[in-house]
Each structure stands twice: as structure tokens, then as C-alpha cells.
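Reviewing the structure listed below.
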């Protein structure tokens with residue numbers, strides 16, 4: 478199953494981990510990623526002007542863990558690299574899902590960023606499964 482299809486249908490809790498240039502780690506609850514049209518290898522998160530976003534200014538690498546609702550430990554781990562960002566409020570509003578919970582809605586005064594990432598690799602949530610290298614990030618032979 479393609480990642481964008483998976484995240485379009487899956488329900489659960491997501492956690493984004495970032496660290497600054499000194500290796501100080503932060504973790505935060507994040508909604509499902511927004512995949513770029515027709516891509517399984519680029520996604521975006523809407524981020525507030527907070528620690529996770531600050532960390533990405535000095536270290537572009539992040540990891541996203543998604544735990545599906547239900548029993549057991551089913552989900553995905555995505556290893557990401559930031560590729561760009563923008564702050565256009567109209568673009569951010571158009572990207573936002575209509576079913577956003579009230580506690581996630583930004584106040585009018587809070588600045589938001591649409592931060593784009595490349596998916597470097599994926600792993601199952603648990604187990605010893607091998608990492609899946611995506612075609613775009615696999616080294617050339």
C-alpha cells in the first residue's frame with residue numbers, strides 16, 4: 478500500500494521527533510502528514526512557531542512515528558529530511574484537513590509554517606523488519 482493511501486485512511490496518533498544542532502531532542506504530537514499530490518516520497522506538516530520548528534532550522538532531520546488506533550502495535554516510522562518551507566496563510570489553510578480538532582487550530586496571532594520533507598526510509602512500528610529504502614534515496618549502483 479502506498480504511504481499516501483495509508484495515511485489518508487489510517488486513524489491514530491502521530492509523534493514527530495526533532496533535534497537541534499547540539500543533539501537536544503524534542504518530541505511532539507502531530508497529525509497525519511499531508512502528502513504532495515501524486516507523491517509517496519514528499520510530505521508536509523503544518524507547524525507552529527515552536528521547538529520542533531526551531532530545531533529544524535539547525536538540523537533538517539526528523540522522525541515521525543504513527544501508532545494506529547486499536548489493539549496491538551501497528552503503525553509506521555518515517556525517517557525524514559526537511560527540504561523547504563513556506564508561510565503563505567492561504568496555502569496553509571488549503572492544506573489543513575477540515576476535521577481538525579479545536580485544540581490543534583491556530584489562533585489568529587500564531588504564525589504557521591508549511592514544512593516539506595522528503596521520506597528517506599520507512600519502517601514498521603515494531604519488529605526486526607528491514608528498513609525500506611525508497612527509490613529516490615537509494616544509492617546508485
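In my numbering, the protein residues as written are 478 to 618.
By construction, the Cβ of each residue, glycine as well, lies at the ideal position given by its N, Cα and C atoms.
Quick caveat: nothing in here was measured; it's all calculated off a predicted structure.
Taking only the alpha-carbon atoms, compute the straight-line gap between residue 566 and residue 575 and give it to the nearest angstrom. As a position in the chain shown, residue 566 is number 89, starting the count at 1. As a position in the chain shown, residue 575 is number 98, starting the count at 1. Answer to the nearest angstrom: the Cα atoms are 15 Å apart.
Taking the alpha carbon of residue 650 as the point to measure from, which residue in 554, 497, 542 and 510 has its own alpha carbon closest? Not covered by the structure: residue 650. The range shown for the chain is 478 to 618.
My guess is that residue 595 and residue 518 are in contact by the Cβ rule of under 8 Å, so how many angstroms apart are they, rounded? Position 118 of the chain shown, counting from 1, holds the residue named residue 595. Position 41 of the chain shown, counting from 1, holds the residue named residue 518. Indeed they touch by this definition, with Cβ atoms about 6 Å apart.
Take the Cβ of residue 561 as the centre, count every other Cβ of all protein chains shown within 10 Å, and call the residue buried at 16 or more, exposed below. Indexing the chain shown from 1 puts residue 561 at position 84. Label assigned to residue 561: exposed.
Compute the Euclidean distance between the alpha carbons of residue 507 and residue 543, then round it to the nearest angstrom. Numbered from its first residue, the chain shown carries residue 507 at position 30. Numbered from its first residue, the chain shown carries residue 543 at position 66. Spanning the two alpha carbons is a distance of roughly 9 Å.
When the Cα atoms are used, what is the spatial distance from residue 514 to residue 573? Within the chain shown, the letter at position 37 stands for residue 514. Within the chain shown, the letter at position 96 stands for residue 573. Taking the straight line from one Cα to the other gives about 14 Å.
Is any heavy atom of the ligand COA found at a distance shorter than 7 Å from the C-beta of residue 562? As for the ligand COA, it is missing from this structure, which has no ligand bound.
From this set, 478, 555 and 603, which residue's C-alpha is nearest residue 486's C-alpha? As a working note, residue 486 is residue 9 in the chain shown. Nearest C-alpha to residue 486: 478.
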